[in-house]
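First comes the structure, then the notes that go with it.
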Amino acid sequence: MKGNQAIGVFDSGVGGLTVLRALHARLPKEGTIYLGDTARVPYGTKSPETITRYALEIGRFLRSHDVKAIVVACSTASSVALDALRAEHDVPILGVVEAGANKALTVTRGGSVAVAATEATVRSGAYARMMSRRRADVKVVQRACPLFVPLAEEGTVEGPLARAVVAHHLLDLKDSDVDTLLMGCTHYPLLRHAISEVLGERITIVDGADAVADELAALLSERGLLGTLETPLRRYYASDDPRRMQVLGSRFLGSTVERVEGVEL
Ligand code: DGL
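4 is the number of the first residue of the sequence shown in the working numbering; add one for each residue after it.
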């Protein structure tokens with residue numbers, strides 16, 4: 004394994020670009036290959052078996068591009084398919100669930116955390132399990148927010164409609180003992196503003212993107228695998244219409260996605 008091999012990153016769609024954005028900021032000299040499985044999004048409503056099959060197919064695709072590490076930038080896939088991916092590949096595989104859970108534990112003051120996530124992630128209980136393992140007395144409330152992904156995909160992330168949907172899923176947390184809300188889905192950071200408007204300042208909102216970037220930086224440094232590229236590779240693949248991912252993607256990435264290639268998995 005060499006330092007200047009790229010890092011593979013994938014999500015069910017464009018949400019994982021919020022994680023890629025954090026990776027680019029933290030590790031600017033690393034090449035990255037991103038795949039959005041836009042033909043099969045959403046994963047959040049599918050069975051663990053189907054999600055695992057999709058994740059393994061993408062893992063093989065990324066390894067065929069000789070990546071030195073894989074970041075699963077999808078909470079749903081991280082919740083159910085991480086072990087299967089690790090069993091198949093001998094490169095480091097990091098997921099946003101572990102990173103997000105660790106971060107929420109460092110942020111919570113009273114030990115009461117709410118996790119907002121897709122149905123599949125909530126069903127898996129991965130965030131709650133991960134946090135309880137590290138801190139036995141933590142109280143975790145899980146909330147499936149199925150309307151958040153379509154809102155984010157459509158770019159309706161501010162204003163009355165976004166606030167009404169956020170309130171529909173989360174308003175009752177405002178007067179609970181929850182002090183930290185973990186955005187357990189990589190699409191949700193786009194709704195951060197609307198979520199904080201509904202929940203108010205008392206509840207701290209966290210996501211796993213920066214945390215997974217920090218974990219990857221530490222791991223690459225430990226293994227002598229840090230990249231040193233001045234003009235690193237930035238490659239994007241989509242399993243459905245590349246143009247749509249290019250347009251939507253720029254919103255999630257926070258900068259222009261230059262070119263997206265189509266891929267059949
Ligand atoms: N990116 C997915 C996640 O983080 C949400 C979209 C989906 O349901 O596929 O869970």
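Don't be surprised by glycine CBs; every beta carbon is placed ideally from N, CA and C.
1. Measure the alpha-carbon distance for L23 versus E60 and round it to whole angstroms.
2. If you draw a straight line from the C-alpha of R195 to the C-alpha of S135, how long is it?
3. Below 8 Å, can you find three or more Cβ-Cβ pairs linking the segment 42-49 to the segment 212-222?
4. Pick helix, strand or coil for E60, following the three-state DSSP scheme.
5. Can you name the start and end residues of the alpha helix (DSSP H) that K142 belongs to?
6. Tell me whether I206 sits in a helix, a strand or coil according to DSSP, three-state version.
7. Report the CB separation of P95 from A72 in whole angstroms; it is logged as a contact under 8 Å.
8. Taking 8 Å as the cut-off, is the C-beta of V110 nearer than that to any heavy atom in the ligand SAM?
9. Just the C-alpha distance for V75 and D40, rounded to the nearest angstrom, thanks.
10. Between H196 and the ligand DGL, is the CB less than 8 Å from at least one heavy atom?
11. V263 to S242, Cα distance in whole Å?
12. Using the three-state DSSP reduction, which class does L222 fall into: helix, strand or coil?
13. Look at L20 and V168 and say whether their C-beta atoms are less than 9 Å apart.
14. Which residues in the same chain have their Cβ closer than 6 Å to the Cβ of T183, if we skip the five residues on either side of it in sequence?
15. Give me the Cβ distance between L65 and L97, rounded to the nearest whole Å; I'm assuming they're in contact under 8 Å.
16. How about T259: is its Cβ closer than 8 Å to a heavy atom in the ligand DGL?
17. With C-beta atoms as the reference, is I54 less than 9 Å away from V100?
18. Closer than 8 Å to a non-hydrogen atom of the ligand DGL - does that hold for the CB of T48?
19. So for M4, helix, strand or coil by DSSP?
20. Is the number of C-beta pairs between the segment 227-235 and the segment 197-206 that are closer than 8 Å three or more?
21. Which one of E233, R137, G18 and L88 has the shortest CA to CA distance from Q249?
22. Distance check for A197 and G162, CA to CA, integer angstroms please.
23. Would you say T121 and C148 are within 9 Å of each other, going by their C-beta atoms?
24. Along the chain, which unbroken stretches of the beta strand (DSSP E) at least 3 residues long are found entirely within the segment 89-127?
25. CB of A123 to nearest heavy atom of the ligand DGL: below 8 Å?
26. Identify, in the order they occur along the chain, each residue of the same chain with its Cβ nearer than 8 Å to the Cβ of R137, setting aside the five sequence neighbours on each side.
27. In three-state DSSP terms, what is R237?
28. I'd like the list of long-range same chain contacts for S199, defined as Cβ closer than 7 Å, with 5 residues on each side in sequence excluded.
29. If you run the structure through DSSP and keep just helix, strand and coil, what is D14?
Put simply:
1. 20 Å
2. 25 Å
3. no
4. helix
5. From DSSP, K142 is part of no alpha helix (DSSP H) but of the beta strand (DSSP E) over K142 to A147.
6. coil
7. Right, the Cβ-Cβ distance comes to about 4 Å (below 8 Å), so this counts as a contact.
8. Only the ligand DGL can be found as ligands here, which leaves the ligand SAM out of the picture.
9. In this model, V75 and D40 are separated by some 12 Å (Cα to Cα).
10. no
11. For V263 and S242, the distance between alpha carbons rounds to 10 Å.
12. DSSP places L222 in the helix class (H, G or I) of the three-state scheme.
13. no
14. A107, V110, T111, V116 and T207
15. With a Cβ gap of about 13 Å, L65 and L97 do not count as contacting.
16. No.
17. No.
18. yes
19. For M4, the three-state secondary structure derived from DSSP is coil.
20. They do not touch, by the three-pair rule.
21. G18
22. 7 Å
23. In this structure, C148 lies closer than 9 Å to T121 by Cβ.
24. 96-98 and 115-120
25. A123 Cβ: within cutoff of the ligand DGL.
26. A104, N105 and L108
27. Three-state result, R237: strand.
28. I208
29. strand
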